[in-house]
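For reference, the structure is listed below as structure tokens.
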Amino acid sequence: MTRMNYGTAIRAAFMHLLDHHPEVFVIGQGLWAKWYVGNSMTDLDKLYGVDRIMDSPVSESACTGAAVGASLCGYRPIVVHPRVDFMLYAMDAMVNQAAKWSHMVGGQAHPAVTIRGIVNRGGEQGAQHSQALHAWFAHVPGLRVVMPATPADARDLLIASVLCDDPVLYIDDRWLYDLEDDLPPVVERPLELEGPELLRDGSDITLVGSSYTTQQCLAAANGLAERGISAAVVDLRVINPLRAEPIIASVRKTGRLLAVDGGWRTCGLAGEVIARVAEAVHPAELRALPRRLTLPDAPAPTSKPLERIYYTLVDDIVTAAADLVKEAAR
Amino acid sequence: MTRMNYGTAIRAAFMHLLDHHPEVFVIGQGLWAKWYVGNSMTDLDKLYGVDRIMDSPVSESACTGAAVGASLCGYRPIVVHPRVDFMLYAMDAMVNQAAKWSHMVGGQAHPAVTIRGIVNRGGEQGAQHSQALHAWFAHVPGLRVVMPATPADARDLLIASVLCDDPVLYIDDRWLYDLEDDLPPVVERPLELEGPELLRDGSDITLVGSSYTTQQCLAAANGLAERGISAAVVDLRVINPLRAEPIIASVRKTGRLLAVDGGWRTCGLAGEVIARVAEAVHPAELRALPRRLTLPDAPAPTSKPLERIYYTLVDDIVTAAADLVKEAAR
Amino acid sequence: MTRDFPYRELGTLSDPEQHLSALAISGRDTERLLRQLRDMLLIRRVEEKIGDMVTAGMIVCPCHLGIGQEAVAVGVSEHLRATDRVFGAHRSHSHYLALGGGVYPLLAEVLGKLDGCSKGMGGSMHLHDPAHGLLGTVPIVAGTVSLAVGAALAARKDGGDSLAVAYFGDGAAEEGVVHEAMNLAAAWRLPVLFVCENNLFSSHLHISLRQPSDRVARFAEAHRMSAMTIDGNDLLAVSDATASLVAGIRRGEGPAFLEALTYRWRGHVGPREDLDVGVNRGSDLALWKRRDPIRRLADALREAESLQEETWQAMDRAVLEEVETAWRRADAAPYPDESALLDWVYAGGAAK
Amino acid sequence: MTRDFPYRELGTLSDPEQHLSALAISGRDTERLLRQLRDMLLIRRVEEKIGDMVTAGMIVCPCHLGIGQEAVAVGVSEHLRATDRVFGAHRSHSHYLALGGGVYPLLAEVLGKLDGCSKGMGGSMHLHDPAHGLLGTVPIVAGTVSLAVGAALAARKDGGDSLAVAYFGDGAAEEGVVHEAMNLAAAWRLPVLFVCENNLFSSHLHISLRQPSDRVARFAEAHRMSAMTIDGNDLLAVSDATASLVAGIRRGEGPAFLEALTYRWRGHVGPREDLDVGVNRGSDLALWKRRDPIRRLADALREAESLQEETWQAMDRAVLEEVETAWRRADAAPYPDESALLDWVYAGGAAK
Ligand SMILES: Cc1ncc(C[n+]2csc(CCOP(=O)(O)OP(=O)(O)O)c2C)c(N)n1
Ligand SMILES: Cc1ncc(C[n+]2csc(CCOP(=O)(O)OP(=O)(O)O)c2C)c(N)n1
Ligand SMILES: [Mg+2]
Ligand SMILES: [Mg+2]
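Protein chains in written order, with the working numbering: chain P, 1 to 330; chain B, 1001 to 1330; chain X, 2001 to 2352; chain Y, 3001 to 3352.
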């Protein structure tokens, strides 16, 4: 077991990939800077050379496209976008090209590219430096979307993403970088086998989260336990293709669902979780209306008091879950 | 009353806007061609001059940004993207800039820009020429999203969109262009007052559609009536901000929901409709699990037999609705 | 509608009444020229067939014909190897065929059949033939240009002197990503040849209505890469320019840019000549047809007595026969199975 | 880390050991120069204050300081009118202040207060001051360049001879949309001045690591617009070049491009000088500080005996006092109400 935090776990994944897979290289903004991507890639340029750790011009579109192109030639490039917001310039390469390539050529070629989009928000950065657009990408067939919530997943799902033959969007959240854990040695596992997992069982309510909100749900479950409420926590991990079975199984047991998401509400991931449950769980098995906690449908503010009410807090989850459990049983 | 089809109704809206609102102008690809945007803009360049009907270079990003910029200077530009797919190059202008501008500047300025994205698919055009990404845009706070299903709405919602002070994405579907109707004279109505509407009442099941799928739902309702099933049809019309009350009210009455959408499934619009209903309608009021019909989570194929199974048909709606009604009542 | 614009920089290259004479082939390898003549003819006949079948309603998918532009792909491909990586766009039948792609897989693809080069999943606008170096052509304008730069990066990582080619049009040069891609290639000195087929039009719009100058290579110069602008209807000019640019790239001198001035005979999409007439291509088109790249090479070979009329006729008959045979086979071929719809979304099939 | 790259085209402009002497002001309007000196000084003191308050933990939002670059905005703004429309980016305090924006609304904004120029909704990276012509500055690199082109289109539709200005950096020139925007402006001959503040860096990366040449104006030349590359630390050079380019634009000659070579003294973001030291700015920075645009103008005025030491001291004291007063007021000002979060998403408030 090695003690790592989420950030250094990402770095460990890069090192594993670069050590064992010569076809892996990285393109991205800030890769030669000390401060751009937190502690997640420190000194990789020095260790592996600037030919494999390529810092880049401010050209999100062409850098992403170039990675897609290289991936069609036997490489496994990783493109790093230090903020999901910047990635909006790269939509064509990701959505029109990478996600559709295999299908368009009859399964004869696969862009084994990984796009790493970092969610970096808070700190009064505002509307263009705070976005979490994972729901968009979960909507795009052909693009696998991964959102690790733990240091172990941060490392192992990055490795699985890069070794997967499909284009993968790997989204990590800077709010998680200091989270520590003891990690076993790396085992390479196929991404296709990964999906939502029940991190904690419970009998009163199912909390569903992904990435940062999973950690919030775990903390909320502790808070709820103190109030005598037994909360299950499902961590989505891979949101496209989304396998809802673990969520459904848990809700069948608890009868209550609270989906927590770090993105916006309308057409967001939490709504999809509710829809999957609503389609599958017989109303008679539900003890309360399903609910979601998301960002309000507003751009991120900068002002301190507005930032405070913009983001969901663990307390909000505890309160919402407790309210659901209190709702008149039927 | 004037007889128009959906395409000429759009053209009538342009004419109304250009006749009465000198601050309106149009930028887009193909505006001076005879064939680019169907019958929806024929000869407008001749009638209003090439300074107000500006055909453009193949520069989706800058053209959209330019329209946003002009909208901040007192104009009401309309940008035409002949295919939603091409608009992927314009995500920054639409999502980072237009949608957030008002919020970022404290409500002191509003980009009164309308972006018209045309859904143009079928005909073996394939993965990059078939997309309907409305769910993405419904996810973006600050961007109003309009999807007219009828010739009257095609005209009147375009007018309302352009006269609205917010950025609006107006999505029309070429499969509707030949649909005819008798239209009353134009009345300018604020877009803020528009929302989902019950087009047809019913007691057994609620069908929810938007744009082309609304017409399919109406046809399906006829088919269902022949089988003795009374289907209500709700047309979403404005999908962001989405006001779900008419859907909820109808489902409370029918106890059954079938959401039909022309986009993909995961994190799509139909899932949002299900989520809204699931959050609001007490399980006891539901007579069947809610269901959705969408595109499968796959890029659009080109091959004839695959196109045939890719798109939802009216028969699919009839069958799915009838199955839901047959489901063991509880 | 064209427009007087400040920088008309192509000189005689854009004048359809110039550059009409037979090519100057003396000292050239006749065998090779005859092969290239046949390659151009094959491309033309295949595209004519496709056009006819669109008219007949047999082909449904959008087909962008490059009839009149055959010399570009044939002249460029001569200098490529199977290990080079080529990307195209919406008007790429010629790119595919000039690299050696088969007629049957192309026609099968256009019909959406399983034997198609993209297994019927792409149609005319999505061609894939890695065995001949064609990694892909797709219809989002400029969509593959950055991919080609990535392929060039891969080629450099591989070692050796392979290169990548990005075919695109004068319209595509208006997409920002092309400029980003050129900068990446120049900053990183990557082995990529940008081939701009400047046919003066982006669908219905003449370049004068879209850009301040008609010469696209000025962008490459701004990115400080070697650039040549030549008569794209002159096979020899294309070939010589490509030879020199490709040699520089293979020597490690970084990216290069070839602008080939040409003209398409049909409308932007589909077989009709008059599709874009509303924008006054009409009168120019007749002139441009006289600058036919095939005729100019054939005339030269005739003048040099390297091509007898009957050889020419036989060549054409053989080409037509090849096309017809391929068409009949493609027409009879099966479609992909319905499972293809989900199976090819991800590697490993729908189950995963 | 910089790199030897093939095209070092800026000559002495990029050499911090050149262009150190006092400006040649003879024959210039002294009043104006003194006013501009004060404007530059105000910008510097405001940014120093912001830097200090970031260090002190009083300011949280990301602040990109342009200390060292003050001459550009001051020299450009001299030739603008309130009806012109200006857009900036992430490093835009100087653009805002040089146009006449108030110190108090800027500091209030940086603190997220309701009296801020963007009502506290934007912070340092989102400035809005239409009364002085500033339509907006936002931090997505290159995000406003096409908006400025649209404002120029609006200006032309308005009639008159107003223009639009797009400020951006050498890094932004790597974003494709800038090239699209330049093409639009050139093709449509729009009244827009592109002002590229080339400070040789995009965050930690020297331009030699990102582009094949250090001279950004080559792109404007490719788009066939008037372009000048000048010493951006020389107020008179900026002013003269702007005067000539702006006059051409107002005469209807279409877009123009000003490249102002300059250097920032602080790290990419925040107040630290050594933030980017890992990439060897360290040694150059000391040299560049000697090329201080403020000192060079002050020295010239001193040499011409138009500036006494005590006037200079008094000017600085007054500026510092203005900044301190504004800061204290801003610090005490209220935040926006919580309802702002939803009320400003759409025009007309949350209810709609
Ligand atoms: C992103 C995008 N925008 C617009 C289109 C529509 N379109 C298809 S081809 C074309 C013209 C491209 O012109 P050019 O690059 O010169 O190629 P040519 O057709 O002349 O071969 C356009 C505008 C598209 N397919 N993709
Ligand atoms: C689209 C986008 N990509 C990346 C960034 C991160 N970023 C912020 S400023 C900057 C450098 C821009 O350099 P330049 O344009 O030269 O301006 P300067 O900082 O030198 O003033 C970068 C890369 C961003 N904000 N937006
Ligand atoms: Mg062209
Ligand atoms: Mg810079």
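Note that CB positions come from ideal geometry on N, CA and C, so glycine has one too.
Residue environment, residue i, which counts as buried when at least 16 other CB atoms sit within 10 Å
i: B:L1072; result: buried
i: X:N2233; result: buried
i: P:R330; result: Its pLDDT being 45, under 50, P:R330 is placed unreliably by the model, and the measurement read from it follows with that caveat. Classification for P:R330: exposed.
i: P:H20; result: exposed
i: B:N1005; result: buried
i: B:E1307; result: buried
i: X:C2198; result: One detail in the question is off: residue 2198 of chain X reads as Asn in this sequence, not Cys. By the neighbour-count rule (16 or more Cβ atoms within 10 Å), X:N2198 is buried.
i: P:D85; result: buried
i: P:R276; result: buried
i: Y:P3016; result: buried
i: B:V1187; result: exposed
i: Y:D3276; result: buried
i: P:M91; result: buried
i: X:T2055; result: exposed
i: Y:R3296; result: buried
i: X:H2036; result: Position check: residue 2036 of chain X holds Gln in this sequence, whereas His was assumed. X:Q2036 comes out buried.
i: Y:N3183; result: buried
i: B:P1184; result: exposed
i: Y:S3283; result: exposed
Bridge partners - residue i, DSSP secondary structure assignment
i: X:G2136; result: X:F2087
i: P:M4; result: P:D181
i: P:A240; result: The question names Ala, but residue 240 of chain P is Asn in the sequence shown. DSSP, once it has assigned bridges, lists P:V145 as partnering P:N240.
i: P:H81; result: P:G117
i: Y:A3256; result: Y:L3193, Y:S3226
i: B:G1028; result: B:D1055, B:V1080
i: P:L257; result: P:T206
i: B:V1232; result: Reading the sequence as shown, one finds Ala at residue 1232 of chain B and not Val. B:T1206, per the DSSP bridge assignment.
Within chain C, partners of residue i - CB distance below 7 Å
i: Y:N3183; result: Looking at the structure shown, chain C is missing, and the protein chains on hand are P, B, X and Y.
Going along the region 1280-1310 of chain B in order, which residues come within less than 8 Å of chain X, judged by CB to CB distance?
P1296, D1297, A1298, P1299, P1301, T1302, S1303, K1304, P1305, L1306, I1309, Y1310
Within the region 3151-3234 of chain Y, ranges of the beta strand (DSSP E) (whole runs, at least 3 residues)
3164-3169, 3192-3198, 3226-3231
Touch check for the region 198-218 of chain P and the region 16-36 of chain P: three-plus C-beta pairs under 8 Å?
no
Taking only beta carbons into account, state which residues of the region 93-117 of chain P come closer than 8 Å to chain B, listed in chain order.
V95, N96, A99, K100, H103, M104
Members of the region 2159-2177 of chain X near chain Y, C-beta cut-off 9 Å:
A2173, E2174, E2175, G2176, V2177
Going along the chain, which unbroken runs of the beta strand (DSSP E) with 3 or more residues stay wholly within the region 181-220 of chain P?
197-200, 205-209
Interface positions of the region 34-61 of chain P facing chain X (Cβ-Cβ less than 7 Å), listed along the chain:
P57, S59, S61
Would you say the region 1156-1168 of chain B touches the region 1095-1112 of chain B, given that touching needs at least three Cβ pairs under 8 Å?
yes
Go through the region 2002-2046 of chain X residue by residue and report every complete run of the beta strand (DSSP E) that reaches 3 residues or more, in order.
none
For the region 3217-3245 of chain Y, which residues have a CB atom closer than 9 Å to at least one CB atom of chain X, in sequence order?
R3218, F3219, A3220, E3221, A3222, H3223, R3224, M3225
In chain order, what residues of the region 3319-3341 of chain Y put their CB closer than 8 Å to some CB of chain P?
Y3335, P3336, E3338, A3340, L3341
At a Cβ cut of 7 Å, what residues of the region 181-210 of chain P count as close to chain X, listed as they run along the chain?
E192
Say whether the region 2169-2186 of chain X touches the region 1056-1066 of chain B, bearing in mind that this needs 3 or more beta-carbon pairs closer than 8 Å, one atom from each stretch.
yes
Whether or not the region 2084-2101 of chain X and the region 2309-2323 of chain X are in contact is what I'm after, with contact meaning three or more pairs of Cβ atoms, one per stretch, closer than 8 Å; do they touch?
no
Taking Cβ-Cβ distances below 7 Å as the criterion, which residues of the region 3002-3025 of chain Y are in contact with chain X?
P3006, Y3007
Could you tell me whether the region 2119-2137 of chain X touches the region 40-50 of chain P, where touching means 3 or more Cβ pairs closer than 8 Å?
no
Does the region 320-329 of chain P come close enough to the region 276-291 of chain P to have 3 or more Cβ pairs within less than 8 Å?
yes
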